[in-house]
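Residue numbers (the working numbering), protein chains in the order written: chain A, 4 to 194; chain L, 4 to 194. One structure is given here, and the rest of the page talks about it.
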DNA sequence: CAGTTATTTCAGTAATTACTGAAATAACGA
DNA sequence: TCGTTATTTCAGTAATTACTGAAATAACTG
């Protein structure tokens, strides 16, 4: 049913299985995996043959992948069929994934929270709930602000930032030590 | 069916709807939301009444929330019923969420990739696929390394790191400028 | 225009996932 | 021990989601 090199097949099957955890379905996951490892763009019929699924399923799944911006449509000269690939650059893929997941999984919640926080509570229970929602809201806002910030970075800067991760921490720790030293010194001065 | 303060109800219903996008189901989402905004721990029967769902559904959903470590089990003196809450600290919730999603959504892929990368390709197609999988693998490894790094941070350090986000970037840019100035100076020296 | 090929749509069905009620288990007190 | 209350399990069913085949649309060619 699925006639692929074994190594590719493992990959495709894994993406299919993971599909449900990623919030996409099996077919969408498999098609993405197939396109990702394919040396050149594939058309719908090739996908049908590779995965052993119906033509209409391929059509719908490709549409979904396009909605996610995870797939590129290509055309060959003198061939009116659609061919599909994924972007070459994995960092670009990461960016797209982050953006789309944010759009689907975070933004709606943020806007619901904002809306609820506008209303005035009519009881103690509602007052408490609003406080909790406020905490959630500001956490998400902090995270999205950071994200908006770092998503602008070009690939190599982003990579640097990642490898730095720990060291920035170290820096902060060092700074804290100095500050607290300064504080204890001043405290001593007072006493 | 669902008798809650309107403000709480909006929140609970939203979490229910989002459930599917988060990879949990409606009931699990609703229960989590309810516990999150509730001023004190709730027992199963209270959840049944608040959400209008069956006792067995509550039992299964709480079990799933516990598997995610998103819910705390409490006991009141002289009461053998189980009461449930969410942790107070939203940052702690974030950490848990990140850890669990990584465990479920990233780690399995990483290990499949590693396994496939060990095998030797039997064709050009497999060779190409392996290169692509290698790219994906090292991207994920970079991300998880960064994550392992920052997840150790205490809350206020993590917050600092987030607000810093942009500024670290600025710093990197400044560094780059200085380096490139140095380079062009040296280039000029040569000419 | 009619004929051909590529793609999409969609009603019906298959497969999966969520939920319930009833029965089983467990943990206690009398 | 038996009775009571809390919780879990699980087979059956409801609800949702995924997939297919057939028909419709679209885009081209001679």
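We treat Cβ as the ideally placed atom computed from N, Cα and C, and that holds for glycine.
Close beta carbons around residue i, own chain, < 7 Å, minus the five adjacent residues each side
{"i": "residue 151 of chain A", "result": "none"}
{"i": "residue 40 of chain L", "result": "11, 14"}
{"i": "residue 7 of chain A", "result": "15, 53"}
{"i": "residue 194 of chain L", "result": "Model confidence at residue 194 of chain L stands at a pLDDT of 28, short of 50, so the residue's coordinates are unreliable and nothing is read from them."}
{"i": "residue 137 of chain L", "result": "120"}
DSSP state of residue i mapped onto helix, strand, coil
{"i": "residue 46 of chain A", "result": "strand"}
{"i": "residue 88 of chain A", "result": "strand"}
{"i": "residue 173 of chain A", "result": "helix"}
{"i": "residue 68 of chain A", "result": "helix"}
{"i": "residue 73 of chain L", "result": "coil"}
{"i": "residue 20 of chain A", "result": "helix"}
{"i": "residue 62 of chain L", "result": "helix"}
{"i": "residue 81 of chain A", "result": "coil"}
{"i": "residue 156 of chain A", "result": "coil"}
{"i": "residue 56 of chain A", "result": "coil"}
{"i": "residue 13 of chain L", "result": "helix"}
{"i": "residue 164 of chain A", "result": "helix"}
{"i": "residue 7 of chain L", "result": "coil"}
{"i": "residue 26 of chain L", "result": "coil"}
Neighbourhood of residue i by C-beta distance below 6 Å, restricted to the same chain and skipping five residues each side
{"i": "residue 84 of chain A", "result": "46"}
{"i": "residue 28 of chain L", "result": "22"}
{"i": "residue 192 of chain A", "result": "For residue 192 of chain A, the pLDDT reaches just 45, beneath the cut-off of 50, and the residue's location in the model is therefore unreliable, although a value from the coordinates is still provided. For residue 192 of chain A, where only same-chain residues beyond five positions count, there are no Cβ hits under 6 Å."}
{"i": "residue 82 of chain L", "result": "none"}
{"i": "residue 57 of chain A", "result": "none"}
Residue i versus residue j - alpha carbon distance
{"i": "residue 44 of chain L", "j": "residue 22 of chain A", "result": "35 Å"}
{"i": "residue 128 of chain L", "j": "residue 113 of chain L", "result": "21 Å"}
{"i": "residue 141 of chain A", "j": "residue 91 of chain A", "result": "36 Å"}
{"i": "residue 87 of chain A", "j": "residue 30 of chain A", "result": "15 Å"}
{"i": "residue 74 of chain L", "j": "residue 139 of chain L", "result": "34 Å"}
{"i": "residue 18 of chain A", "j": "residue 101 of chain L", "result": "20 Å"}
{"i": "residue 157 of chain L", "j": "residue 26 of chain L", "result": "28 Å"}
{"i": "residue 162 of chain L", "j": "residue 80 of chain A", "result": "53 Å"}
{"i": "residue 105 of chain A", "j": "residue 24 of chain L", "result": "11 Å"}
{"i": "residue 173 of chain A", "j": "residue 173 of chain L", "result": "18 Å"}
{"i": "residue 167 of chain L", "j": "residue 20 of chain A", "result": "38 Å"}
{"i": "residue 77 of chain A", "j": "residue 107 of chain A", "result": "26 Å"}
{"i": "residue 126 of chain L", "j": "residue 154 of chain A", "result": "37 Å"}
Cβ-Cβ separation, residue j to residue i (assumed contact under 8 Å), whole Å
{"i": "residue 5 of chain A", "j": "residue 53 of chain A", "result": "7 Å"}
{"i": "residue 71 of chain L", "j": "residue 103 of chain L", "result": "5 Å"}
{"i": "residue 96 of chain L", "j": "residue 10 of chain A", "result": "Residue 96 of chain L to residue 10 of chain A, Cβ: 40 Å. No contact."}
{"i": "residue 130 of chain A", "j": "residue 124 of chain A", "result": "4 Å"}
{"i": "residue 109 of chain A", "j": "residue 143 of chain A", "result": "6 Å"}
{"i": "residue 34 of chain A", "j": "residue 59 of chain A", "result": "Actually they do not touch by this definition, with Cβ atoms about 13 Å apart."}
{"i": "residue 50 of chain A", "j": "residue 68 of chain A", "result": "With a Cβ gap of about 11 Å, residue 50 of chain A and residue 68 of chain A do not count as contacting."}
{"i": "residue 146 of chain L", "j": "residue 145 of chain A", "result": "So it is not a contact: roughly 20 Å between Cβ atoms."}
Beta-carbon proximity list for residue i, same chain, < 8 Å, skipping 5 on both sides
{"i": "residue 99 of chain A", "result": "71, 72, 73, 90"}
query: Whole beta strand (DSSP E) runs in the stretch 83-147 of chain L with 3 or more residues, listed along the chain?
result: 86-88
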